[in-house]
Amino acid sequence: MQHRYDYLFSSAMNIYKYLNIELTQLRHVIVGKEWCCTPHDNVNRLYITLGGEGALITESGTLTLQPYHIYLIPAKLPFSSQCDTYLEKLYVHFRVFILPNQDLLSELDHILEIDSSREEIERLKEVLHSGDISAVLPFRLKLDQIILGAVQPFVEKYSDDLSIYLKFEKFFTYTTTHIYADLSIGDVCQNIGTTPRKLAYHYKKATGQSVKSYLNTILLNRIKFLLQTTDMSVRDISAELHFNNEFYCSRFFKNQVGISPREFRKTAI
1 MQHRYDYLFS
11 SAMNIYKYLN
21 IELTQLRHVI
31 VGKEWCCTPH
41 DNVNRLYITL
51 GGEGALITES
61 GTLTLQPYHI
71 YLIPAKLPFS
81 SQCDTYLEKL
91 YVHFRVFILP
101 NQDLLSELDH
111 ILEIDSSREE
121 IERLKEVLHS
131 GDISAVLPFR
141 LKLDQIILGA
151 VQPFVEKYSD
161 DLSIYLKFEK
171 FFTYTTTHIY
181 ADLSIGDVCQ
191 NIGTTPRKLA
201 YHYKKATGQS
211 VKSYLNTILL
221 NRIKFLLQTT
231 DMSVRDISAE
241 LHFNNEFYCS
251 RFFKNQVGIS
261 PREFRKTAI
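So the sequence shown is numbered by the UniProt record's numbering: it starts at 1 and just counts up by one.
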């Protein structure tokens with residue numbers, strides 16, 4: 001029994017070692033009747049409510065948002081939002097992953113309601129507005145605690161993601177730090193010491209996905225990240241990521257997401 005415990009503990013620690021939590025939005029807002037949208041950004045959301053009223057609508061029904069509650073909406077869950085008066089909230093958009101193109105909450109198919117208190121939520125709001133550097137770490141630790149609590153029930157299922165990451169670690173490391181529209185599979189292979197044929201075969205066998213599909217996914221994620229975390233224009237983003245011009249960047253984005261980069265930016269909350 002002890003050996004079984006040691007194995008599980010070691011596996012869990014390895015998973016957490018390679019786990020990444022990427023925050024793409026963190027804001028305090030008060031929205032009104034205009035908060036009626038169907039997001040296209042494919043990120044997980046935390047809604048930390050402070051007052052007012054609102055609702056999230058999924059195939060399972062309508063969930064009324066209560067003040068001083070925390071709600072986690074997984075990225076893969078289609079939903080729309082509604083507000084008849086006003087809703088005050090902190091909202092956090094995030095990805096949590098081992099493999100850069102595979103969110104660890106992808107198996108979560110419902111909204112989680114997370115216990116908290118009025119005092120704790122008011123404290124999060126105060127810290128967000130305080131500008132107090134010493135309070136940033138506790139604030140981030142609280143967010144990480146919430147996110148890891150959601151991930152924890154699935155942790156044993158993530159061993160496959162970890163084994164794939166370790167097998168292709170050079171590939172993932174290089175592509176996430178050199179993701180550009182003009183990055184070729186040949187360029188990648190030259191820098192990680194393999195051949196396009198070998199990489200394509202072994203990667204497809206391990207993941208069921210082509211290398212080109214993976215590169216498109218992380219390029220798309222990078223565009224989304226820049227749209228959400230900066231005020232860069234689409235023209236500047238296209239130059240940053242080595243697209244031929246703004247038109248090609250917008251066309252790539254719309255083909256993948258279904259809306260233009262500018263429309264996408266409007267669905268951020």
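Every residue, glycine too, gets a C-beta built ideally from N, C-alpha and C.
Worksheet item: Can you tell me whether residue 104 is buried or exposed, with buried defined as 16 or more other CB within 10 angstroms of its CB?
Response: buried
Worksheet entry | Local conformation of residue 61 per DSSP, three classes | strand
Discussion item. DSSP three-state label for residue 86, please.
Written reply: coil
Practice prompt. May I have the straight-line CA-CA distance separating residue 81 from residue 185, to the nearest angstrom?
Written response: 40 Å
Worksheet item: Start and end of the beta strand (DSSP E) containing residue 69?
Response: Careful: residue 69 lies outside any beta strand (DSSP E) and carries neither H nor E.
Discussion item. By the three-class DSSP mapping on this structure, what secondary structure does residue 51 have?
Written reply: strand
Discussion item. Can you look up residue 44 in the DSSP assignment and give me helix, strand or coil?
Written reply: strand
Discussion item. If contacts are defined as beta-carbon pairs under 8 Å, then residue 243 and residue 41 qualify, I think. What distance do you get, rounded to the angstrom?
Written reply: That belief does not hold up - the Cβ atoms of residue 243 and residue 41 are roughly 20 Å apart, past 8 Å.
Discussion item. As a quick exercise: from 100, 135 and 116, pick the residue whose alpha carbon is nearest that of residue 166.
Written reply: 100
Discussion item. If contacts are defined as beta-carbon pairs under 8 Å, then residue 171 and residue 199 qualify, I think. What distance do you get, rounded to the angstrom?
Written reply: 7 Å
Discussion item. In this structure, how does DSSP classify residue 101 when only helix, strand and coil are distinguished?
Written reply: coil
Worksheet item: Is it true that the CB of residue 49 sits closer than 9 Å to the CB of residue 309?
Response: Outside the displayed range of the chain (1 to 269) lies residue 309, so it cannot be described from this structure.
Practice prompt. Please determine, among 175, 30 and 19, the residue with the shortest C-alpha to C-alpha distance to residue 47.
Written response: 30
Worksheet item: Taking C-beta to C-beta, are residue 96 and residue 26 nearer than 9 Å?
Response: no
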